[in-house]
Structure formats: C-alpha cells, structure tokens
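Scroll down for the structure; my scribbles are underneath it.
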Amino acid sequence: MSLPIILAIGGLVGFGFSNFFWKVAGINKVYPASFMVVETLVVLTVAITIHILQKQSFVLAPRMVGLASLAGLSAGFAIFATMSAFNVGGEASIVSPITSLGFIVAVLLAYILLKEPITTTKIAGSGLAIVAIILLSR
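Residue 166, in this note's numbering, is where the sequence shown stops; the numbers in between run on with no holes.
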C-alpha cells in the first residue's frame, strides 16, 4: 500500500472521530463556535509539536498564507455548519455521509483548476458514493 493511501486512511479515521465528537457536542447542545475555539487551539498545538519534532522551521510563501487562510475559512464554515446540523438534531448517519461528499467539490476543482484527469472509473466511483449517501440518508 502506498504512503499517500496510508496517510489518507489516517485522515479518514481522524475525520471520522471528529464527526463523532461533533455529534456528541451537538447532543449536549454545545455552541459550535465555542467548541471550535478549543478544537482549533488543540490543532495549533499539534501543528507546532509536529514542527518541533520534525525540526522544521515555519516557512510559508505569502501566496500560500492566503491559500491557508482560505482553507481555514472554508474549514471553519464547514465545521460550524456540520456541528450546527448535529445541534439541531441531525443524525450522524445522515449528516456525516452528506458532508463526506466534499470530495466531489475537491475533485471538480482539481479537474477545472489543476487540470487533473477524471477517468471513467473515478466518475463511476463518485456515482456509487453518491448512491450510497442517498441510501444512508433514508
């Protein structure tokens, strides 16, 4: 198994836990923005620790600072929206799969802006994922 796949599986597990924790916070009627502040501070601590352990200095070109800022804005909106969906009674078995379809946005943006190819297999796989989400949402 290739390193990108192994790391992607790590991301899958991490985001799966995050979605579960957001659901538990929603059940407890936690205000999403308050939860996000603590969550963000922990993410910052993890990022700094990784820099220290890997002995990497903080280097980011100005253009990438802008991109990181846009990523932060979109992630902040996504987390707030997801947590709010849980807070108003959304079921994890419905909300989490729907938000997981974000990969379709990423694939389309990569195709349009980065000229990454979309093969028939990728289209079929995405279609099956959409069907799975529809079935899970019922």
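Just so you know, even glycine gets a beta-carbon here, dropped at the ideal spot from N, CA and C. Small disclaimer: the values here were computed from a predicted structure and weren't measured.
Taking buried to mean at least 16 other C-beta atoms within 10 Å of its own C-beta, is residue i buried or exposed?
i	result
residue 124	buried
residue 64	buried
residue 60	buried
residue 83	exposed
residue 51	buried
residue 110	buried
Taking the Cβ atom as the reference point for each residue, do residue i and residue j lie within a distance shorter than 8 Å?
i	j	result
residue 106	residue 127	yes
residue 75	residue 88	no
residue 161	residue 137	no
Considering only C-alpha positions, which residue in the set the options is nearest to residue i?
i	options	result
residue 163	147, 141, 121 and 146	121
residue 45	62, 130, 31 and 67	67
residue 155	89, 166 and 135	135
residue 131	94, 166, 29 and 40	40
residue 104	71, 78 and 86	71
residue 118	33, 166 and 35	166
Would the segment 43-63 and the segment 100-116 be scored as touching if the rule is three or more Cβ pairs under 8 Å? With the cut-off at 8 Å, the segment 43-63 and the segment 100-116 touch.
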